[in-house]
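For reference, the structure is listed below as structure tokens.
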Amino acid sequence: MRFWSLSGVIALLLINESLAFKAHDFKICSQSGFCRRGRALSARAKEAKASWVSPYSVDPTSINISANQAVLTASVKSSLYPDINFGLEVRIQDDGVARVRMDEVGGIRKRYDEAAAWALIKEPVVSKDIKWTAGKKDTRAVYGEKKDIEVVVEHQPLRITLLRKGKEQIVINGQGLLHMEHFRTKIEAPTTTEEPAAVEGEGAENEGQSQTVLKVENPLAWFEGEEEDDLWEETFSSWTDSKPKGPESLSLDINFPNHGIVYGIPQHATRLALPSTAGEDPTFTDPYRLYNADVFEYLASSPVSLYGSIPLMHAHSTDSTVAVFHVVGSETWIDVSHSSDKSTETHWISESGILDTFLLPGPTAEDVFRQYAKLTGAPVMPAQWSLGYHQCRWNYVSSDDVRTVQKRFDQDDMPVDVFWLDIEYSEDHKYFMWKEKTFPDPVEMTNDVAASGRKMVVIVDPHLKREDNYPAFKQASELGILVKPKSGEGEYEGWCWPGSSSWTDFFNPASWDWWKTIFTPKEIKDKWTWTKSTTDVHIWNDMNEPSVFNGPEITMPKDNIHYGGWEHRDVHNINGMLFSNLTFQAVAARTDPPERPFVLTRAFFAGSQRFGAMWTGDNLGTWDHMAVGVKMVLANGLGGLSFAGSDVGGFFGNPEPEMLVRWYQVGAFAPFFRAHAHIDTKRREPFLLDEPYKTIVKDILRLRYTLLPVWYTAFRETSVTGMPILRPQFIMFPKDKTGFTMDDQYYIGSSGLLVKPVTAKDVTESKVYLAEDQVYYDYLSNAVYRGSAKGKEVTVPSALHRFPLFLRGGSILATRERPRRSSSLMKRDPFTLKVALSKVGTARGELYLDDGVSYKHTQGDFIWREFTADKAGKKGLKISSTDLAAAKPDEAVDGVALTSYNPANDFVKSVEDVRVEKVVILGLSSKPTSVKVEGGNELVWEFTPGVASSEKKGGNASVLVIKDPKVLIRKDWTIVVQ
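Going left to right, the sequence shown walks through residues -20 to -1, 1 to 958 as mature numbering (1 follows the signal peptide of the UniProt record, and there is no 0) numbers them.
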């Protein structure tokens, strides 16, 4: 049991109270000066209607085309400020993506222009096949294999359009809301006139009195408004933002004239298809906000900012999918309005930064994901064990507690791969330093966990306790790598879990090697390292928004100073990514040769998918939070972050057993599967549940482990293509309008698995939408359902021990059915192939395997097989296995193209005897007469005929079970069914 001192209890209660979500803790647009100004600009434009004209124009005489023709540069002027110069650059990349950049030229200060350097994996390559054509009114480029893509830069006013087949896809500044607030010198005494004004409390006693007010003479009021609005200083609650650089916001309208639905810009707790925030009858009255924030107990339906920010938006229609990636690291507000069901208008308002926007032309969702992955990287191939079940709570209070929890999992025969420790493992919240009273033997404890093939994850937050006896803080201070206050001198001091704290500035290159060194679990001369650790300890990065308990909006003041003199306002949304990025590199660097790290992050930005997993933060144990968590994980996948999940059971609260069971069903079908709970909650490890709930959860855990090869194969695909692991309906069926707004069911990769989690109380049956004329098999019962070419809703049983899990006809799954305590113990287990025949009697599937730990897969040490089921003669069927790696070396794995692939690589040799122990074929039309391995003897098999469906009852598929065909997973083979 955990005992707290009275002062500790009071401090914890105060901290929890300060973190609980309250509207007044966080800004809305009307409380943010630059957002107010941006929205007011939009309001003036709408009021002016057709008479509104953007003041920004291209000087045609300044247009310059690069020698290779792919890059257009030009000078841009604003009629508002003729003395201010802007530079425009439009370049066409080799994959057809158009990049638009605009910055102030020769200004009195420099705008932040490094966001793309942190998000992109490399500088994109420009095309060699582009030719710009200059005209009197515009300059344009036509390109693409079919010469059907066109980028048009209109000169007066500036308007940039991406078209396909003459149809507008993306339009920048079509509404004339572009406004780059140029740097200026503060004018202390503007031109004024004296006017009488009413005095507060005016009455008989004040009659005849007047008051002098300042009236700004502003001839530009039509565009910028009558009065200056928080240009040089801004107050929110008790905090004042000094704004030493003055106004520098960027307003930009980006419209999709032929796309009625938009997705993306995670992270928000809302529907997948983004509801409107502007226009007629908006769902939300405030814009979507991108500003990484520690929002405890967040609302389950809201546009408020949460822990991460990815400024990527997809737009979809029956004709195409396109996207925009607006690379800005500062606070950003985004209005979404739908002028009709066929078009969408968006308005992006950022506090600082240059205009740096990528137009991703698609035209398919697959193309968009490939284009985005080429920019920011595909998700990293994870350690295989990290796809197992993770058990966490705040807090496991001692090393004995950890051992007891592990023992109970084993006693109840429940699989688990990872045990987690929250902040109480550390002495006074000084990370890397164990609390000796409760964790006297951390290395031995970790080794005990590892003996069962398991790992540990330990939290390391970014705040450093300001004590000289804490080596991490002392060294960071001596190196001068801590974030500075607005004066630029000394070290910023804020309040977090340890009390008085400072934060490492990971924008400073001097911090990088220092941080990597700390994680080394061995002594290094003249270095402080984490010697009381092992390579079986991986890392959880929390609070990295950054969370500052006594800061404005529970984060760092915007006028703090980072490396290079940049203010925190410029880099806020990027900040948390650098922390997890460097931690990922540090954990990898502690092994030689390096092993794949696992790092979980709460804060993220575009590109975070290269550094591990994320979760949706401090959710509540409610049905609403369970449901919105599914939508959030889908949205994060669209933003590139496929390795995502929500805390099973909800971080806060005590869910009833029914809710907890349903949440395990949700978690088991998310890429990241972790149960977590607040320190105030009752213990709710699955082995503590009463029956029948305990057995139901045990079965769910085992099902997750059975399907681990499916998840791992899906990760291989996303590591190459960038396609999300969880795929909503619009990706799978891009022309089916019914599925465009559907976000309560999804497919897992290319496996053919269709999941519809149950996220409501007392459910006994569910409606599942089948978008195609195809057969679907209930994964658990083999019941058969048939869709329709026009889409069809089917009703399926969903009692507590059941939930809708279908295998699409035409799919083949490779699973491992033998129960094990952890995934690492499954390495040499045999496989079961589940063949779900399509309505025409065919099927296909893949299996990817490697050692799951090292990076040897990037050198060709893996197995990648294709399984097919094809007709053989009039009634026969052939099930075959072939080597995909040999056929497609350029698509192999993890973004690495292999010039040569050796089918007899070291990994293949390590599993050379692993076989297929069973083949299950669903949907044969009749009982076979013979089943053989090609060239071999008759196999042992059983056939159960199907049951035809009736109007009232669904049917069951026929099932052919082939027992131990003794075919090896590494070899080509064919099984012939006659």
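By construction, the Cβ of each residue, glycine as well, lies at the ideal position given by its N, Cα and C atoms.
Note that the structure is predicted; figures quoted are calculated from it, not measured.
- Note that the C-beta distance between Val133 and Thr119 is below 7 Å.
- When secondary structure is reduced to three states using DSSP, Asp83 falls in the strand class.
- Residue Arg707 holds the alpha-carbon nearest to the alpha-carbon of Ala624 among Arg707, Thr563, Glu797.
- At the C-beta level, Lys496 and Ala569 come within 7 Å of one another.
- Annotated as distal: Ile152 and Gly76, with beta-carbon spacing of 7 Å or more.
- For Gly342 and Tyr405, the gap between their C-alpha atoms comes out near 48 Å.
- Between Ala249 and Ser289, the C-beta gap is not smaller than 7 Å, which leaves the two residues out of contact.
- A contact is defined here as three or more CB-CB pairs under 8 Å, and the segment 750 to 762 meets this definition with respect to the segment 786 to 801.
- The shortest C-alpha to C-alpha distance from Tyr287 to any of Ser929, Met523, Arg144 is the one to Met523.
- If you compare the alpha carbons of Ala816, Pro799, Ile329 with that of Pro227, the shortest gap goes to Ile329.
- Beta bridge pairing from DSSP links Ile129 with Tyr123, Arg144.
- For Asp604, the uninterrupted alpha helix (DSSP H) run begins and ends at 603 to 618, by DSSP.
- CA-CA distance, Phe811 to Pro574, rounds to 29 Å.
- The segment 896 to 904 and the segment 936 to 944 touch, with three or more beta-carbon pairs separated by less than 8 Å.
- By the Cβ-count criterion, Lys678 is buried, with 16 or more other Cβ atoms from all chains shown falling within 10 Å of its own Cβ.
- In the DSSP assignment, the residues bridged to Cys476 are Gly479.
- Comparing alpha-carbon positions, the option among Tyr61, Ile843, Lys111 lying closest to Ser34 turns out to be Tyr61.
- Within the DSSP bridge table, the entry for Trp328 names Leu232, Ile314 as partners.
- Annotation: the continuous beta strand (DSSP E) that includes His294 extends over 292 to 296.
- Annotation: Arg79 to Lys111 spans about 15 Å, alpha carbon to alpha carbon.
- Looking at Ser860, Ile859, Asn882, the one whose alpha-carbon comes closest to that of Pro869 is Asn882.
- Counted as a single uninterrupted DSSP element, the beta strand (DSSP E) harbouring Leu335 occupies residues 335 to 340.
- Annotation: the continuous alpha helix (DSSP H) that includes Pro637 extends over 637 to 648.
- With contacts defined as CB atoms closer than 7 Å, Phe842 and Ile792 fail to qualify as a contacting pair.
- Look at Ser804 here: in three-state DSSP terms it is helix.
- Note that the C-beta distance between Ala865 and Ala823 is not below 7 Å.
- It is roughly 41 Å from the alpha-carbon of Val774 to the alpha-carbon of Asp831.
- The three-state reading of DSSP puts Gly545 in helix, counting H, G and I together.
- Within its own chain, the residues whose Cβ lies closer than 8 Å to the Cβ of Arg796, once the five positions on either side in sequence are excluded, are Tyr685, Thr686, Leu688, Pro689, Met806, Asp809, Pro810, Phe811, Thr812, listed in chain order.
- Contact between the segment 227 to 240 and the segment 157 to 166 is present: 3 or more CB-CB pairs across the two stretches fall below 8 Å.
- Distance from the Cα of Asn561 is smallest, within the candidate group His542, Glu84, Arg590, for Arg590.
- Between the alpha carbons of Tyr123 and Glu84 lies a gap of roughly 29 Å.
- In the DSSP assignment, Arg824 falls within the beta strand (DSSP E) that extends over 823 to 829.
- In the structure shown, the three-state DSSP call for Pro869 is helix.
- With contacts defined by Cβ atoms closer than 7 Å, Ala99 and Ala586 form a contacting pair.
- Proximity of the segment 535 to 543 to the segment 464 to 473 meets the contact definition, three or more beta-carbon pairs being nearer than 8 Å.
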